[in-house]
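For the sequence shown, counting from 1, position 192 maps to 192 in the UniProt record's numbering; every step adds exactly one.
From the three backbone atoms N, C-alpha and C, an ideal C-beta is built for every residue, glycine too.
This structure is a prediction, so every number in the text was calculated from the model and none was measured.
What follows is one structure encoded as structure tokens, with my remarks underneath.
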Amino acid sequence: MKRPLNFWIRLALLIYNKQEMANPLYKLDVGWPKNADFFTGVTFGVAVDPTNSLVYVAQRGENVSKVLVFTEEGYFKERWNTDSIDMPHGIFAVSTAQEHSVWITDVGQGKFGHTVKKYSPSGKLLHVLGTAGKAGSALDQFDQPAEIFVENSGELYIVDGDGGLNNRILKYSKDFWLLWTMGGRGTQPGQFYIPHSVAVDEMGRVWVADRGNKRIQVFDKISGEWIGTWSSCFSEDGPYSVRLTADKQHFVVAQLNINRVLFLSVPPIGSIGDCYVAGAIQMAEGVKPHLVDVNINTGSVYVAEIGAQQVQKYVMVKN
1 MKRPLNFWIR LALLIYNKQE MANPLYKLDV GWPKNADFFT GVTFGVAVDP
51 TNSLVYVAQR GENVSKVLVF TEEGYFKERW NTDSIDMPHG IFAVSTAQEH
101 SVWITDVGQG KFGHTVKKYS PSGKLLHVLG TAGKAGSALD QFDQPAEIFV
151 ENSGELYIVD GDGGLNNRIL KYSKDFWLLW TMGGRGTQPG QFYIPHSVAV
201 DEMGRVWVAD RGNKRIQVFD KISGEWIGTW SSCFSEDGPY SVRLTADKQH
251 FVVAQLNINR VLFLSVPPIG SIGDCYVAGA IQMAEGVKPH LVDVNINTGS
301 VYVAEIGAQQ VQKYVMVKN
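As structure tokens, this is what we get:
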């Protein structure tokens, strides 16, 4: 009897998951954080400053600090007292010899929403991209921007938006000049439905988690040209995040609705081929992993879980 394609995809994932349980790539650090009571809201994003060994957590809720700061060891350091964030979504820490800053995408409907904001490490607002409080499709407006990725060069990539009017990716120079944009709602190459996360690899490829279309799309970082698409790994649920592991061997991809984190093998230069699952972490029902980040120095992976309302740390398994 001829089996449908989805049958073979699910069988392959089951085999890979069993292999991962026998030889896991990562394991939970049960001692992080030292005190989880500091998570007082819904944790939507996490960002790592590897130079200063700090972990920034973006959370939502009434009368809660929108950003919490922990050390790599799990000790609570501080909370931001800023009142310039309506509803955080994505968060990214810039950590170079020239600069230390934290970027946050704000999907709120209030007077600070629909923006991408740059802060000092202590929470001082430094710069705002977008028109605060106004959703739009113009080049100086966003509608629920989902996430940002900043290269060491200072160039920025923003995926816009998290269910709003726009379904696009925009690239800016370090001086905030628009270099290129790609998108529009649809299923064709270069189109999106809820682009949710973005990362850039060392081979000049931009990887976008096209959540609603259950695929990852890949673009050339210089021209914005579409390179290829991965979809076979996402038959059960779309990708919510995309981040490179510290060794550059895998992408970390969260699947919120099935409570799973995948580790996908990074393809060499040239054709990206089909996605390959190198490992997986199956979480408990209701955890709902949302966005992730990686400490490029230690290799640790941090997962923001909106169901469990916490951030968890996973460390590499030494072979």
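1) Under three-state DSSP, which class holds G186?
2) From this set, T245, A278 and P239, which residue's C-alpha is nearest V200's C-alpha?
3) When the distance is taken between beta carbons, is A254 closer than 7 Å to V292?
4) T43 and Q59 - do their beta-carbons sit closer together than 7 Å?
5) Please report how far the alpha carbon of E285 lies from the alpha carbon of G61, in whole angstroms.
6) Under 8 Å: do the segment 86 to 96 and the segment 107 to 117 share three or more Cβ pairs, one atom per stretch?
7) Apart from the five residues just before and just after I222, which ones in its own chain have a Cβ nearer than 7 Å to its Cβ?
8) Roughly how many angstroms lie between the CA atoms of E236 and D160, to the nearest whole one?
9) Residue range of the beta strand (DSSP E) that M316 falls in?
10) How big is the Cα-Cα spacing for Q282 and G41?
11) Within a Cβ cutoff of 6 Å, which residues of the same chain sit near T51, ignoring the five residues on either side of it in sequence?
12) Using three-state DSSP, classify I91 as helix, strand or coil.
13) Helix, strand or coil, according to DSSP, for D37 in the structure here?
14) What would DSSP say about G45, mapped onto helix, strand or coil?
15) Given this structure, state the Cα-to-Cα distance separating F219 from E225, to the nearest angstrom.
16) Report yes or no: do three or more beta-carbon pairs, one from the segment 187 to 195 and one from the segment 129 to 136, lie closer than 8 Å?
17) Secondary structure at L25, three-state DSSP: helix, strand or coil?
18) Hey, how far is the Cα of V315 from the Cα of S231?
19) Candidates N259, H196, L179 and N152: which alpha carbon is nearest I296's?
20) Which first and last residues belong to the beta strand (DSSP E) in which A199 is found?
21) How long is the line joining the alpha carbons of S122 and L68, rounded to whole angstroms?
22) Would you decide whether V102 is buried or exposed? Buried here means 16 or more other CB atoms lie within 10 Å of its CB.
23) Could you say which of P267, G273 and F263 lies nearest to A280 if we only look at CA atoms?
24) Roughly how far, in whole angstroms, is the beta-carbon of K171 from the beta-carbon of E155, given that I think they are within contact range, below 8 Å?
25) Is it right to say M177 is buried, meaning 16 or more other beta carbons lie within 10 angstroms of its own, or is it exposed?
26) Any idea if V252 is buried or exposed, counting beta-carbon neighbours within 10 angstroms, 16 or more meaning buried?
27) Between V317 and K124, is the Cβ-Cβ spacing less than 7 Å?
28) Could you tell me the alpha carbon to alpha carbon distance between S137 and L165, rounded to whole angstroms?
29) Along the beta strand (DSSP E) that carries R211, what are the first and last residues, could you check?
30) How would you call N63, buried or exposed, if buried means at least 16 neighbouring beta carbons within 10 angstroms?
31) Between the Cα of T229 and the Cα atoms of G273, F142 and L256, which residue gives the shortest distance?
32) What is the rounded straight-line gap between the Cα of V277 and the Cα of F39?
33) Give the straight-line distance between the Cα atoms of residue 328 and G90, rounded to the nearest whole angstrom.
34) Do you know offhand how far P239's Cα is from H100's?
In brief:
1) coil
2) T245
3) Yes; because the gap between Cβ atoms is below 7 Å, this pair is in contact.
4) yes
5) 22 Å
6) yes
7) The residues G204, in chain order, have a CB closer than 7 Å to that of I222 in the same chain once the five nearest residues on each side in sequence are set aside.
8) 24 Å
9) Q310 to M316
10) 24 Å
11) S95
12) strand
13) In the structure shown, the three-state DSSP call for D37 is helix.
14) strand
15) 5 Å
16) no
17) coil
18) If you take the alpha carbons of V315 and S231, they lie about 27 Å apart.
19) N152
20) P195 to V200
21) 10 Å
22) buried
23) Taking each of P267, G273 and F263 in turn and checking the Cα distance to A280, the smallest one comes out for F263.
24) 7 Å
25) The sequence given here places Trp at residue 177; Met does not occur at that position. With fewer than 16 other Cβ atoms within 10 Å, it is exposed.
26) buried
27) no
28) Distance between the alpha carbons of S137 and L165: 7 Å.
29) For R211, there is no enclosing beta strand (DSSP E), as DSSP gives it neither H nor E.
30) exposed
31) G273
32) 32 Å
33) Since the first and last residues shown for the chain are 1 and 319, residue 328 lies out of range.
34) If I take the Cα positions, the gap works out to 29 Å.
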